[in-house]
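S.K.:
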Amino acid sequence: MNSKRPVNLDLGKFHFPLPAITSILHRVSGIIIFVGVAFLLYGLDVSLSGEEGFARVSELLDGFLPKLIIWGILSALLYHLVAGIKHLLMDMGIGEDLESGRLAAKATLVVSVILIVLAGVWVW
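Just so we're aligned: 23 in numbering that gives the first Met the number 0 is position 24 of the sequence shown, and the numbers increase by one with no gaps anywhere.
What follows is the structure in structure tokens.
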């Protein structure tokens, strides 16, 4: 038995390449969308219950924190969309080598940031 094995892994020592980070963020954004849709559907249900329900949801969405949450869900959705398109292109054989993978990861981040900023302008 090797006694020099680490007892605990130091995750700070691992440095992932940019394509790996964008892939991990794609999965995280999917989880955020999954959880966020539950809250959005509840708000839709309350708003469709009648005039008072609609007024209650409309009043609730005027605050800063709900707008921030909506922007967060939209951000996850937009990033997930852009990264999903990148993954579909890679499934078709486009951008599979190392250099084009790095370029596609950078393009994913740039396009996502632009769309997320535009979504923030739209929400506020």
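We put the CB at the ideal spot given by N, CA and C, even for glycine. What you are looking at is a predicted structure, and each value in this text was computed from that prediction instead of being measured.
(1) Consult DSSP for P65 and reduce its assignment to one of helix, strand or coil.
(2) State whether the segment 15 to 34 contacts the segment 42 to 60, with contact taken as three or more CB pairs (one from each stretch) at a distance under 8 Å.
(3) Between which two residues does the alpha helix (DSSP H) holding L48 run?
(4) V34 to L102, Cα distance in whole Å?
(5) Taking only three categories from DSSP, how would you classify F15?
(6) If you draw a straight line from the alpha carbon of H79 to that of K105, how long is it in whole angstroms?
(7) DSSP on V36, reduced to helix/strand/coil?
(8) Can you check which of these residues, G100, D96, G71, I72, is closest to K85 by C-alpha distance?
(9) For the alpha helix (DSSP H) containing E98, name the first residue and the last one.
M.R.: Put simply:
(1) The count along the sequence shown starts at 1 and reaches residue 65 at position 66. Helix, per DSSP.
(2) no
(3) Indexing the sequence shown from 1 puts residue 48 at position 49. Before going on, a small fix: residue 48 reads as Ser here, not Leu. Element bounds for S48: n/a, residue is neither H nor E.
(4) Counted from its first residue, the sequence shown places residue 34 at position 35. Counted from its first residue, the sequence shown places residue 102 at position 103. Approximately 31 Å between the Cα atoms of the pair.
(5) If you number the sequence shown from 1, residue 15 lands on position 16. Of the three classes helix, strand and coil, the one that applies to F15 here is coil, per DSSP.
(6) By one-based count along the sequence shown, residue 79 stands at place 80. By one-based count along the sequence shown, residue 105 stands at place 106. Looking at the backbone, the Cα of H79 and that of K105 are separated by about 15 Å.
(7) On the sequence shown, residue 36 is found 37 positions in, with the first residue counted as 1. In this structure, V36 counts as helix in the three-state DSSP scheme.
(8) As a working note, residue 85 is residue 86 in the sequence shown. The shortest Cα separation from K85 among G100, D96, G71, I72 belongs to G100.
(9) On the sequence shown, position 99 is the one that residue 98 refers to. E98 -> alpha helix (DSSP H) spans 97 to 122.
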